[in-house]
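In order, the protein sequences belong to chains A and B.
Just so you know, we're using UniProt numbering here: the first sequence kicks off at 1 and counts up by one.
Just so you know, we're using UniProt numbering here: the second sequence kicks off at 1 and counts up by one.
Working notes, structure below.
Protein chains: 2
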Amino acid sequence: MRTTVQDVARAAGVSVSTVSRALTGGSVSPATREAVVAVAHRLGYQPNRAARGLITGRTGNLGLIVPDLRNPFFADVAKGVTARARAVDCGVFISDTDEDPVAELEAIATLRHNTDGILLCSPRAKDAELLAAADPQNTVLLHRRVPGLSSVVADIVDGTRQAVQHLRALGHRRIAYVSGPEDSWATRQRLAGLATFDGDDLEILPIGSVAPTFDGGVLAGDLVLAAPATAVLAYNDLVAMGLLHRLAARGAVVPDRLSVVGYDDVSLAGMSHPPLTSVSVPKDRAGAIGLDLLLGRAGSMTAAQGAEVILPTTLVVRASSGEPPA
Amino acid sequence: MRTTVQDVARAAGVSVSTVSRALTGGSVSPATREAVVAVAHRLGYQPNRAARGLITGRTGNLGLIVPDLRNPFFADVAKGVTARARAVDCGVFISDTDEDPVAELEAIATLRHNTDGILLCSPRAKDAELLAAADPQNTVLLHRRVPGLSSVVADIVDGTRQAVQHLRALGHRRIAYVSGPEDSWATRQRLAGLATFDGDDLEILPIGSVAPTFDGGVLAGDLVLAAPATAVLAYNDLVAMGLLHRLAARGAVVPDRLSVVGYDDVSLAGMSHPPLTSVSVPKDRAGAIGLDLLLGRAGSMTAAQGAEVILPTTLVVRASSGEPPA
DNA sequence: ATGAAAGCGCTAACAG
DNA sequence: CTGTTAGCGCTTTCAT
Numbered sequence: 001m002r003t004t005v006q007d008v009a010r011a012a013g014v015s016v017s018t019v020s021r022a023l024t025g026g027s028v029s030p031a032t033r034e035a036v037v038a039v040a041h042r043l044g045y046q047p048n049r050a051a052r053g054l055i056t057g058r059t060g061n062l063g064l065i066v067p068d069l070r071n072p073f074f075a076d077v078a079k080g081v082t083a084r085a086r087a088v089d090c091g092v093f094i095s096d097t098d099e100d101p102v103a104e105l106e107a108i109a110t111l112r113h114n115t116d117g118i119l120l121c122s123p124r125a126k127d128a129e130l131l132a133a134a135d136p137q138n139t140v141l142l143h144r145r146v147p148g149l150s151s152v153v154a155d156i157v158d159g160t161r162q163a164v165q166h167l168r169a170l171g172h173r174r175i176a177y178v179s180g181p182e183d184s185w186a187t188r189q190r191l192a193g194l195a196t197f198d199g200d201d202l203e204i205l206p207i208g209s210v211a212p213t214f215d216g217g218v219l220a221g222d223l224v225l226a227a228p229a230t231a232v233l234a235y236n237d238l239v240a241m242g243l244l245h246r247l248a249a250r251g252a253v254v255p256d257r258l259s260v261v262g263y264d265d266v267s268l269a270g271m272s273h274p275p276l277t278s279v280s281v282p283k284d285r286a287g288a289i290g291l292d293l294l295l296g297r298a299g300s301m302t303a304a305q306g307a308e309v310i311l312p313t314t315l316v317v318r319a320s321s322g323e324p325p326a
Numbered sequence: 001m002r003t004t005v006q007d008v009a010r011a012a013g014v015s016v017s018t019v020s021r022a023l024t025g026g027s028v029s030p031a032t033r034e035a036v037v038a039v040a041h042r043l044g045y046q047p048n049r050a051a052r053g054l055i056t057g058r059t060g061n062l063g064l065i066v067p068d069l070r071n072p073f074f075a076d077v078a079k080g081v082t083a084r085a086r087a088v089d090c091g092v093f094i095s096d097t098d099e100d101p102v103a104e105l106e107a108i109a110t111l112r113h114n115t116d117g118i119l120l121c122s123p124r125a126k127d128a129e130l131l132a133a134a135d136p137q138n139t140v141l142l143h144r145r146v147p148g149l150s151s152v153v154a155d156i157v158d159g160t161r162q163a164v165q166h167l168r169a170l171g172h173r174r175i176a177y178v179s180g181p182e183d184s185w186a187t188r189q190r191l192a193g194l195a196t197f198d199g200d201d202l203e204i205l206p207i208g209s210v211a212p213t214f215d216g217g218v219l220a221g222d223l224v225l226a227a228p229a230t231a232v233l234a235y236n237d238l239v240a241m242g243l244l245h246r247l248a249a250r251g252a253v254v255p256d257r258l259s260v261v262g263y264d265d266v267s268l269a270g271m272s273h274p275p276l277t278s279v280s281v282p283k284d285r286a287g288a289i290g291l292d293l294l295l296g297r298a299g300s301m302t303a304a305q306g307a308e309v310i311l312p313t314t315l316v317v318r319a320s321s322g323e324p325p326a
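So this is what it looks like as structure tokens:
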């Protein structure tokens with residue numbers, strides 16, 4: 001059997017309530033506290049979080065819901081969350097919903113009762129579904145905004161603008177854009193960024209929507225080559241990697257024939273050939289801030305008050321972008 | 001306040017114990033059960049797992065400890081675990097220890113008290129440390145074997161043999177091997193596989209140990225080019241990707257000048273240029289089986305009995321391996 | 001500053 | 001088959 005407060009109390013010659021106070025910071029005489037702490041340590045006492053949660057109403061755990069851990073973007077988010085959780089001694093339940101919106105809602109329903117809060121990465125579900133399933137008081141949406149819920153997002157509009165400005169500065173005037181899932185928040189933000197350049201001295205060529213995956217990028221490769229563009233901005237890095245792959249297979253040298261810019265700056269971006277220029281979004285920081293919001297540790301802001309945090313994006317220039325062909 | 005058994009009992013006009021029985025499968029009259037279930041559903045009742053765990057002694061949760069979620073290998077493992085966990089309605093606490101052996105041991109200490117069992121990916125910590133920190137009764141080691149603990153591993157020795165045989169069949173006679181962390185179980189297994197070929201008609205050229213990362217592979221690239229090898233087997237896919245990158249930069253065409261074979265077959269393997277031939281290890285299946293072991297769902301085997309599962313490996317041939325230069 | 005006692009929500013005896 | 005009762009381990013009144 002595990003050691004309980006009872007054991008510690010007996011060994012220290014005090015009552016259980018004194019042990020509890022000594023360990024959680026109640027008013028106890030310094031001498032008593034020291035003695036209790038020593039005994040607790042000697043016995044290897046670890047409070048039973050479930051029992052504590054039963055009475056305090058707080059579990060000390062929170063839930064993280066992501067569509068796919070294999071996607072490096074969400075791996076980064078999870079990394080940020082777990083790192084911060086470890087620092088504040090908070091448990092993290094993870095739920096990989098395998099891109100299934102139904103599983104997503106189920107996960108919300110399960111976790112909201114067994115945690116102090118939920119960090120939710122949900123690119124697919126509809127706004128109304130989320131609003132119906134989630135408790136605004138202790139849910140923080142990551143990398144998506146839904147009115148009525150707290151959220152931590154990156155400034156996608158500005159990031160998109162930076163990417164285009166970079167290409168324009170290099171001399172590009174016709175830039176293809178490979179879009180992702182229609183009707184998603186992330187897609188709309190990117191389009192809003194592109195709309196900034198309307199009526200300017202450059203042309204944005206929409207190539208259509210593809211799956212936000214490597215295969216989606218491969219598919220887009222041929223479409224891009226058929227367009228009169230000298231550069232292409234991809235929905236995300238995975239799509240950009242697929243593009244790079246297909247362009248290489250078709251003999252189109254990057255960036256000589258075509259410049260390629262990705263989005264998200266996942267860890268793979270530096271490993272591609274050539275290394276990928278990409279808009280960097282603070283994935284791990286978003287996760288950490290979301291956690292702080294949930295735990296009321298983010299200064300004055302809390303999830304309960306409907307916080308909306310926007311983090312800056314920065315363009316990371318690597319070798320996949322250069323001057324257009326002469 | 002959340003709805004409790006009390007609420008359900010009152011609304012259904014029965015006692016709390018009847019509600020409990022009706023919902024957990026005790027002996028209740030069909031009519032009563034139906035009524036209770038209906039009321040519970042109508043009230044949106046969700047049992048408080050903490051309270052249940054307090055009395056049953058089982059939390060319904062388990063812990064997964066990995067060194068780095070960003071590493072696609074562990075992302076795959078986590079994916080396998082969470083998928084199976086969802087199927088059996090079991091919560092998963094995740095702990096990313098950031099490659100820090102101390103954090104690893106801390107995570108074990110924390111989780112072993114708050115879960116029904118631990119799935120442990122620990123390539124770095126020493127055998128003795130693990131034995132001291134972990135409870136053999138409900139710990140399953142993933143992708144590593146330590147006498148005294150249950151484990152689920154892949155047949156690395158055989159996988160290594162398959163890789164070398166593939167290269168030999170292509171005509172290679174001098175094969176470089178880029179090793180990973182010295183003194184790790186995975187490294188020893190690979191070396192054991194290579195030792196199989198001693199005194200054969202081919203030569204294995206050890207290139208030394210590098211970090212099991214992309215950068216480690218980049219580093220190894222030049223060393224490999226300086227060796228009289230026509231093929232190289234890398235410690236893992238990340239190293240192989242780094243190798244590919246460096247070889248391309250040095251103008252060495254793969255597989256014309258040099259064949260490259262990776263290990264693990266992570267999702268990136270198909271995205272490299274050229275796509276990487278790699279030894280496939282069942283990462284997600286290992287995770288799922290480990291979970292079953294912990295929950296006593298793996299047929300006759302259980303973690304408590306010290307199960308040792310070995311899963312088969314298969315070579316996946318892609319474009320990075322071919323005949324040696326004439 | 002400390003102890004006794006009352007529960008948190010649930011399940012498992014124990015009666016009926 | 002069902003209701004009553006006693007806790008699981010912990011925190012938190014309420015006394016002292």
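Beta carbons: idealized from backbone N, C-alpha and C, even for Gly.
- Separation of the CB atoms of Glu104 (chain A) and Asp68 (chain A) is rounded to 11 Å, and the pair is thereby denied contact status at 8 Å.
- In this structure Val224 (chain A) does not touch Leu194 (chain A) by the C-beta definition: roughly 16 Å separates them, more than the 8 Å allowed.
- Looking from the CA of Ala229 (chain A), the closest CA among A:Gly216, A:Asp237, A:Val260 belongs to A:Val260.
- By the beta-carbon neighbour count (other beta carbons within 10 angstroms, threshold 16), Asp256 (chain B) is exposed.
- Counting every other CB atom within 10 Å of its CB across the protein chains shown gives Ala192 (chain B) a total below 16, marking it as exposed.
- Under the Cβ criterion of 9 Å, Ile94 (chain A) is counted among the residues facing chain B.
- With respect to the 9 Å criterion, Ala83 (chain B) and Asp292 (chain B) are not classified as neighbours on the basis of their beta carbons.
- Chain B has a Cβ within less than 9 Å of the Cβ of Gln46 (chain A).
- Taking C-beta atoms as the reference points, Gly242 (chain B) and Gly208 (chain B) fail to come closer than 9 Å.
- Closest by C-alpha distance to Pro147 (chain A), out of A:Thr196, A:Leu130, A:Leu311, is A:Leu130.
- For the region 236-265 of chain A, the residues whose beta carbon sits under 7 Å from a beta carbon of chain B are, in order, Met241, His245, Ala248.
- Interface annotation, Asp222 (chain A): not in contact with chain B, CB-CB separation never under 9 Å.
- Sequence-distant partners of Ala12 (chain A) (beyond 5 residues in either direction) whose C-beta falls short of 6 Å from its own C-beta, in its chain, are Ala35, Val36, Val39.
- Residue environment for Pro123 (chain A): buried (at least 16 other C-beta atoms within 10 angstroms of its C-beta).
- Nearest in C-alpha terms to Thr313 (chain A), of all of A:Arg161, A:Asp183, A:Arg42, A:Thr110, is A:Arg161.
- Within the same chain, and ignoring the five residues on either side of Ser321 (chain A) in sequence, the residues whose Cβ sits closer than 8 Å to its Cβ are His166, Leu167, Leu170, Ala231, Pro255, Ser259, Val260, Val261, Thr277.
- For Phe214 (chain A), the enclosing alpha helix (DSSP H) begins and ends at 214-226.
- With a minimum length of 3 residues, the unbroken runs of beta strand (DSSP E) contained wholly in the region 108-163 of chain B fall at 118-120, 139-142, 150-154.
- Runs of alpha helix (DSSP H) with 4 or more residues, each lying fully within the region 24-78 of chain A, are found at 30-42, 49-56, listed in chain order.
- The criterion of a C-beta distance shorter than 9 Å is satisfied by Leu311 (chain A) and Val152 (chain A).
- Interface with chain A (9 Å Cβ-Cβ cutoff): Ala50 (chain B) is included.
- When the five nearest sequence neighbours on each side are left out, the beta carbons in the same chain lying within less than 6 Å of the beta carbon of Lys79 (chain A) are those of Asp284, in order along the chain.
- Ile55 (chain B) counts as exposed, since fewer than 16 other C-beta atoms from the protein chains shown sit within 10 angstroms of its C-beta.
- By the Cβ neighbour-count rule, Arg250 (chain B) is exposed, with fewer than 16 other Cβ atoms within 10 Å of its own.
- For a Cβ distance threshold of 7 Å, residue set Leu268 of chain A lies close to Leu268 (chain B), ordered along the chain.
- Taking a contact as a CB-CB distance under 8 Å, the pair Gly25 (chain B) and Asp116 (chain B) does not count as one, their CB atoms being some 19 Å apart.
- Take Arg33 (chain B), set aside five residues on each side of it, and the residues of its chain with a beta-carbon closer than 6 Å to its own are Ala22, in chain order.
- Look at the region 105-116 of chain B: the residues with a C-beta under 7 Å from a C-beta of chain A are His113, Asn114.
- Distance between Ser95 (chain B) and Leu233 (chain A), taken at the CA atoms: about 35 Å.
- Rounded to the nearest angstrom, the gap between the Cα atoms of Gln6 (chain B) and Thr302 (chain B) is 37 Å.
- A straight line joining the alpha-carbon of Leu141 (chain A) with that of Pro30 (chain A) spans about 43 Å.
- Within the same chain, and ignoring the five residues on either side of Gly180 (chain A) in sequence, the residues whose Cβ sits closer than 6 Å to its Cβ are Thr187, Pro212, Tyr235.
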